[in-house]
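The structure appears right after this line, and notes come after that.
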């Protein structure tokens, strides 16, 4: 068992790595690939545990409320969980979410990025900021402070927008 943990740690995406490409269905069932956004936008890729739970709803609504600011800064927000496209559609409609939600039902992309579980049970809550070249520039992990993901992402996106060529790389983790 410790061997698989070591293998998982080796697979974990780090700041400075090229973001692994993937294709998943969105809330309308259409395939969306990460590479569709490379060269066009900074990508805020956030993994969250489950639609319609208190923390995940708070996080999604916070991204919604800041969505125009993200777009003005040249960023695209993409949420990923293992819920179905149908669940995402209902979640997006109920909370008027203007951004893409991707269905990773087999947790394939979650594993590809090395998103950890909390207490070995809950799917982790991790946000990756990927620059226009497809390089992971920042990672923020906080299972219990979902709104902080939006604040952290916006800070990095603005830094990427305002300080082209200046390193803003980093990784932070909170409880």
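Numbering (my numbering), first residue to last: 8 to 182.
Glycine residues also receive a C-beta, built at the ideal position from the N, C-alpha and C atoms.
In chain order, 69, 70 and 73 place their CB closer than 6 angstroms to the CB of residue 157, counting only its own chain and leaving out the 5 sequence neighbours on each side. Assignment of residue 43 by DSSP, reduced to helix, strand and coil, places it in the helix class. Exposed is the label assigned to residue 28, since fewer than 16 other Cβ atoms lie within 10 Å of its Cβ.
A direct Cα-Cα distance of roughly 4 angstroms separates residue 109 from residue 33.
Here residue 123 has 131 as same chain residues with Cβ atoms under 7 angstroms from its own Cβ, once five neighbours each way along the sequence are excluded. If only uninterrupted alpha helix (DSSP H) runs of at least 4 residues are considered, those enclosed by the segment 89 to 151 are 92 to 102 and 115 to 120. Here the alpha carbons of residue 159 and residue 125 stand approximately 20 angstroms from one another.
For the options 165, 166 and 143, the alpha carbon positioned closest to that of residue 45 is the one of 143.
Taking all protein chains shown into account, residue 86 has 16 or more neighbouring C-beta atoms within 10 Å of its C-beta and is therefore buried. Taking a C-beta distance under 7 angstroms as the contact criterion, residue 19 and residue 121 qualify as a contact pair. Per DSSP, the beta-bridge partners of residue 82 are 49. Looking from the CA of residue 51, the closest CA among 145, 101 and 149 belongs to 145.
Note that the C-beta distance between residue 111 and residue 41 is not below 7 angstroms.
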